[in-house]
């Protein structure tokens, strides 16, 4: 009980410090103290129940764990919804390159669903059987079966992760990169989207010329062609090679090899007259010429390929078959 009071006071102090200084250090400290407080409260409730100081069912004694499971169930529902959206885009898209990207996103989203189900699914079933067993000495076989299911599901999750680790690494890098564009609340940016997908290049633009130099520093200076319709910042490709991540199948080519082997598509997929010279951020899709990109941006604020919100349109020039250089910002929200 004293530990609960101590952690409650510590959490209140950390909250006051966070409000006064707005420091990341105090954010992490507040989260850490909150987790410790929840853990101590849960242990206290279990101990009080064991010594018969609480006349409640075991189902209520695990209240903190149940709250945690409810949060994971909510996150699981959100993940399933996002998975259904990606699946719908995969089956409605007619472009093979776009379908390949959506296929990779489906693998990543399904992995996230499996992760949350590790807490929201099998553990919930296990907890129910555990509470019934502790209260009535019933359901022992189901309780043991739940443990077996938990172990089996964990093994299946690790096998899925290892088998798709190459795709999952890129998926996580993309999530991390896109999240960086949302960290600055003072930025006026939006992500462009296009309905046409004949072109397979990506570019980034900005409209505010007065602040173009400062804003350009927030975006990558070079991008590497992952596929004919997808680009990643050069730093992520370098990081990938530094970690020496190998393709699972020896017959598959690396990302760089795929980028080199794919033919360069220069024409704008919208007008098929001018050269494609833009990339949309943060999604990384592109393939339009400057004129078509600005015209689309004035009428739509979503990427025509992935339908994500456009934050900026970058103008690029080709360096070689797999690398482009960002030279300016054509449009920015």
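Residue numbers (the numbering used here): 4 to 336.
C-beta: ideal position from N, C-alpha, C; glycine also.
- Residue 271 is positioned such that its CB atom lies closer than 9 angstroms to that of residue 290.
- Around the beta carbon of residue 95, a 10 Å sphere encloses fewer than 16 other beta carbons of the protein chains shown; the residue is thus reported as exposed.
- Under DSSP, residue 99 shares a beta bridge with no residue.
- Under the DSSP assignment, residue 332 falls in the beta strand (DSSP E) whose first and last residues are 326 to 335.
- In the three-state reduction of the DSSP assignment, residue 226 falls in the strand class, which pools E and B.
- Annotated three-state conformation of residue 289 is strand, per DSSP.
- Listed in chain order, the non-local C-beta contacts of residue 125 below 8 angstroms within the same chain comprise 149, 152, 153, 156, local neighbours out to five positions each way being set aside.
- Residue 30 carries a helical assignment under DSSP once its states are collapsed to helix, strand and coil.
- Between residue 110 and residue 177, the beta carbon gap of about 12 angstroms keeps them out of contact (Cβ cut-off 8 angstroms).
- By the neighbour-count criterion, in which 16 or more other beta carbons inside 10 Å mark a residue as buried, residue 73 falls on the exposed side.
- Within the same chain, Cβ atoms closer than 8 angstroms to the Cβ of residue 48 are found at 57, 64, 65, 66, 67, the five residues on either side in sequence being excluded.
- One thing to note: residue 112 has its Cβ within 9 angstroms of the Cβ of residue 86.
- Counting only the Cα atoms, residue 234 lies some 35 angstroms from residue 123.
- Under the DSSP assignment, residue 319 falls in the beta strand (DSSP E) whose first and last residues are 315 to 321.
- Residue environment analysis places residue 229 among the buried positions, since at least 16 neighbouring C-beta atoms fall within 10 angstroms of its C-beta.
- Residue environment analysis places residue 120 among the buried positions, since at least 16 neighbouring C-beta atoms fall within 10 angstroms of its C-beta.
- CA-CA distance, residue 43 to residue 174, rounds to 36 angstroms.
- In the three-state reduction of the DSSP assignment, residue 126 falls in the helix class.
- Shown here, residue 62 sits in a helix according to DSSP, grouped into three states.
- When only Cα atoms are considered, residue 53 and residue 103 end up about 55 angstroms apart.
- Collapsing the DSSP output to three states places residue 45 in a helix.
- Residue state for residue 176 is assigned as helix, using DSSP reduced to three classes.
- With contacts defined by Cβ atoms closer than 9 angstroms, residue 61 and residue 138 form a contacting pair.
- Only buried fits residue 36, as 16 or more other CB atoms lie within 10 angstroms of its CB.
- Counting only residues of its own chain and dropping the five nearest sequence neighbours on each side, residue 327 has a CB closer than 6 angstroms to the CB of 226, 319, 321.
- Spanning the alpha carbons of residue 172 and residue 165 requires a straight line of approximately 11 angstroms.
- CA-CA distance, residue 277 to residue 292, rounds to 6 angstroms.
- Residue burial annotation: residue 158 is exposed, with fewer than 16 other C-beta atoms found within 10 angstroms of its C-beta.
- Distances from the CA of residue 163 to each of 45, 117, 280, 133 were compared; the closest alpha carbon is that of 117.
- Distance from the CA of residue 324 to the CA of residue 282, rounded to the nearest whole angstrom, comes to 16 angstroms.
- Leaving aside the five residues that flank residue 80 on each side, none in its chain has a CB nearer than 7 angstroms to its CB.
- Each residue's CA atom was taken as its position, placing residue 129 and residue 45 some 17 angstroms apart.
- Of all alpha-carbon atoms in 334, 313, 308, the one lying nearest the alpha-carbon of residue 97 is that of 308.
- Sorting 131, 169, 334 by C-alpha distance to the C-alpha of residue 114 places 169 at the top.
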